[in-house]
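Student: Here you go, one structure.
Residue numbers (my numbering), protein chains in the order written: chain X, 989 to 1243; chain L, 8 to 618.
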């Protein structure tokens, strides 16, 4: 098992209020690695620190270091020479609520590839189809690619956003409670998809749904971390993950 | 909108208390004033244009020669002049406004300790408060000589000079519309676009702007309406020759300036007929703009295939150009005004040779000072406010909370119509009223302070109505439901819960309307302002006013001292309007902050973004 993400002494503050305080974490490649914690404990902020998305919010101050293994090289996310755009092209993210751009399904897939990667027409179409197939969405949308993305159901929209991230062929996928806004059935569909993807990408998943967290850590390469108030991070022991009762007790105490 | 209307109909019962019916009727009456006023303006225009058809004057009026002495009253050159000047000003202002907005929204530099967008937007807001006549005065003595010496030949009073200044005048309208639209669109896009690795420029150019298609058009339409409806700048700067200009250095005359000039020269009746024909044309143009606005459907995201880097580079170039050019132009004009105006400030500016205390306490006559003009403006604004504020606020309440169905739609479209009426037309309406009275009930009727105040009140009425209405409609729906669930009647809900909650916003709207009434020149020019009237003693007297004094002295000053007086007056007026605008803005700002504290759901913006 190799390390894919190395976080050292990461602190993030918004408008002077500290959200993450000197936090360190190593995430293995593959996964999924699940991050749980109460709402407000800073899970989203931690995730957004990895692709420097916190900087898009007002009054954010970040210190510490984040290194990401992209292919065979290490990239220091906060090094002066690292452009946030270049970083974000290689680290995909799926948000809590589906966030399709207000355009058609096809343009949602192709516009970012065109603007951020500068790909030609032919390659964009190929990548889009491949990613939509990977997200198990192709069969559902292949006849309505020119429909507005907002006309898809919530689960379909979320899989579209996942496909949009996959089309960039990222090394790392950051998933911020990707099933929180979906109904039970759609959520299970997305979960299965994520387990499937974890073989090929490094997946870091934030969740505050305990059942989901448990299901997602059924895999061999599972890891789970708890983000406590005060920004302390605890690894959940492997035996705790195996024992359903102990896991549920932990979850009760936590949430 | 649809929601609030539904809620209005099924929200609460009608007339739960005996007084309720009377209040509702009064509110309805206030709203009916707008409808009557629009009907009145239309009737006047129709009545006075009637001779065109019945007496066959249309061939004379719809011709290309204006020579009233020899009975030729052609107004077509003026119509062409209005269109040319309006569209050229728009062609200058629209790209500059777009550039400025883009600069402020992220195409400018992002220095860690200093965000240039802030002072830039502050400047734009300051520009909204600059009275037209102040721009006019500064341009007559700064820009016109530049044009004259830069392009040798001609007087400098030209299409070019008027278009440049007019562009500055309409620019804030364009920037504020675009800024508002971008603010609606960008928050949802920012994180998504960033997470996909797009730069700020790409996000703005390829995603946000195409989504603002409607805002881009609205800005153009509103800007054009403002440019075509303006009177003072063409009157002061364009030379006013009744001809179709051959080039930008030629003189031209707009419909608005034509109306002002002809009323001032007081010619015979045939000229008046052509005057109202001008008015009808102008009304037609402004209402075409109004209709154009309504025709703009919200465009649903037809993002075209982006055209690569060239578009981004163009946007950045445009942003930097406007961020440098616009502040340079405004600072030059206002700086010139300060340079000329500051040394004149002092007791002598206001009171001339009369001791100030005598003038203030004993009403001693002031001859070489601005005091009578200040008093005139004060009385004018007071009377206009007394007429307009109760009507406007009541009508706003009626439209926001009570009006439903067809009547509601009729009233609100009449308010829109009224908002689009250029101020010179409102003056012409008042002037026509006097003509009518002279022919019928009251042969000695003449223009006076009361008439000016009445027309000004009608001019600012739509501002008051929409400010009140917007503030009320912006209040959260839960507030109405809560009040209803506690057993309050509709009027109790409005008067005890909603109005107090919206009071600061309404007050802000009132102050803006007062500022607008204080700076307008076109209306009072046609309805009773004169030079040297002294302090008005009665509502039926002629009067002096600050904006008109500036206009008059700029054109007719006999000595350098009189010109100094004009600059002093301009500076005084500018300070007054800027102060009023700043006050209105701070009230609005405190309303917004207060709202999240008092009526919010407990989560601040910060918590929402980081949760």
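Each residue gets a CB set at the ideal place from its N, CA and C atoms; glycine is no exception.
#1: Going by the beta-carbon positions, is the gap between residue 51 of chain L and residue 439 of chain L smaller than 9 Å?
#2: Within this structure, are the beta carbons of residue 112 of chain L and residue 218 of chain L separated by less than 9 Å?
#3: To the nearest angstrom, how far is it from the Cα of residue 574 of chain L to the Cα of residue 561 of chain L?
#4: Starting from the Cα of residue 88 of chain L, find the closest Cα among L/301, L/450, L/130, L/289 and give me that residue.
#5: Let me confirm a value: residue 126 of chain L is counted as buried when at least 16 other C-beta atoms fall within 10 Å, else exposed. Which label applies?
#6: Kindly indicate which three-state DSSP category residue 1159 of chain X falls into: helix, strand or coil?
#7: Buried or exposed for residue 568 of chain L, please, with buried defined as at least 16 other CB atoms from any protein chain shown within 10 angstroms of its CB.
#8: Any beta carbon of chain L sitting closer than 9 Å to that of residue 1073 of chain X?
#9: Output, in sequence order along the chain, the residues in the segment 199-229 of chain L whose CB is closer than 7 Å to any CB in chain X.
#10: What number of angstroms, rounded off, separates the C-alpha of residue 365 of chain L from the C-alpha of residue 176 of chain L?
#11: Using 8 Å as the cut-off, can you tell me whether the segment 315-333 of chain L makes contact with the segment 456-467 of chain L, which would need three or more C-beta pairs spanning the two stretches below that distance?
#12: Consult DSSP for residue 51 of chain L and reduce its assignment to one of helix, strand or coil.
#13: Between which residues of its own chain and residue 169 of chain L is the CB-CB distance below 7 Å, once the five residues before and five after are set aside?
#14: State the DSSP-derived secondary structure class of residue 992 of chain X, mapped to helix, strand or coil.
#15: Would you grab the beta carbon distance between residue 214 of chain L and residue 185 of chain L for me? Rounded to a whole angstrom, and I think it's under 8 Å.
#16: Under a three-way DSSP split, which group does residue 310 of chain L fall into?
#17: Quick one: is residue 49 of chain L buried, meaning 16 or more other Cβ sit within 10 Å of its Cβ, or exposed?
#18: In chain L, what lies closer than 9 Å to residue 1076 of chain X by C-beta?
#19: What three-state label does DSSP hand residue 1109 of chain X in the structure shown?
#20: Taking 8 Å as the limit between beta carbons, can you name the residues of its chain near residue 101 of chain L, skipping five residues before and five after?
#21: Would a C-beta distance cut-off of 9 Å place residue 1054 of chain X and residue 996 of chain X closer than the cut-off?
#22: If you draw a straight line from the C-alpha of residue 1113 of chain X to the C-alpha of residue 1079 of chain X, how long is it?
#23: Tell me whether residue 393 of chain L is buried or exposed, calling it buried when 16 or more other Cβ atoms sit within 10 Å of its Cβ.
#24: Please determine, among X/1217, X/1200, X/1177, the residue with the shortest C-alpha to C-alpha distance to residue 1232 of chain X.
#25: Run through the DSSP bridge pairs and tell me what residue 74 of chain L is partnered with.
#26: Given that residue 197 of chain L touches chain X, what residues does it touch there, using C-beta distances under 8 Å?
#27: Is residue 1062 of chain X helix, strand or coil when you go by DSSP?
#28: To which residues of the same chain is residue 1126 of chain X closer than 8 Å at the C-beta, ignoring the five residues directly before and after it?
#29: Would you report the Cα separation of residue 307 of chain L and residue 1238 of chain X, rounded to the nearest angstrom?
#30: Here's the rule: buried if 16 or more other CB atoms are within 10 angstroms of the residue's CB, otherwise exposed. What is residue 20 of chain L?
#31: Once DSSP output is grouped into helix, strand and coil, what is the label at residue 59 of chain L?
#32: Which residues does DSSP pair with residue 1049 of chain X in a beta bridge?
#33: Would you mind sorting residue 1171 of chain X into buried or exposed? The rule is 16 or more other CB atoms within 10 Å of its CB.
#34: Considering only the alpha carbon of each residue, which of L/470, L/75, L/506 lies closest to residue 486 of chain L?
#35: If you measure between the beta carbons of residue 1070 of chain X and residue 1000 of chain X, is that distance less than 9 Å?
#36: Can you find a CB in chain L that lies within less than 9 Å of the CB of residue 1213 of chain X?
Tutor: Inspection of the coordinates gives the following:
#1: yes
#2: no
#3: 9 Å
#4: L/289
#5: exposed
#6: coil
#7: exposed
#8: yes
#9: 199, 201, 202, 203, 204, 205, 206, 209, 213, 214, 218
#10: 40 Å
#11: no
#12: helix
#13: 92, 240, 241, 244, 245
#14: strand
#15: At roughly 15 Å, the Cβ-Cβ gap does not stay under 8 Å, so residue 214 of chain L and residue 185 of chain L are not in contact.
#16: With a pLDDT of 48 at residue 310 of chain L, under the threshold of 50, the predicted position of this residue should be treated as unreliable, though the coordinate-derived value follows. Three-state DSSP puts residue 310 of chain L in coil, outside helix and strand.
#17: exposed
#18: 201, 202, 203, 204, 205
#19: helix
#20: 181, 226, 227, 230
#21: yes
#22: 21 Å
#23: exposed
#24: X/1200
#25: L/79
#26: 1044
#27: strand
#28: 1117, 1120
#29: Caution is warranted here: a pLDDT of 46 is assigned to residue 307 of chain L, below 50, making its placement in the model unreliable, and no coordinate value can be reported.
#30: With a pLDDT of 44 at residue 20 of chain L, under the threshold of 50, the predicted position of this residue should be treated as unreliable, though the coordinate-derived value follows. Classification for residue 20 of chain L: exposed.
#31: helix
#32: X/1001
#33: exposed
#34: L/506
#35: no
#36: no
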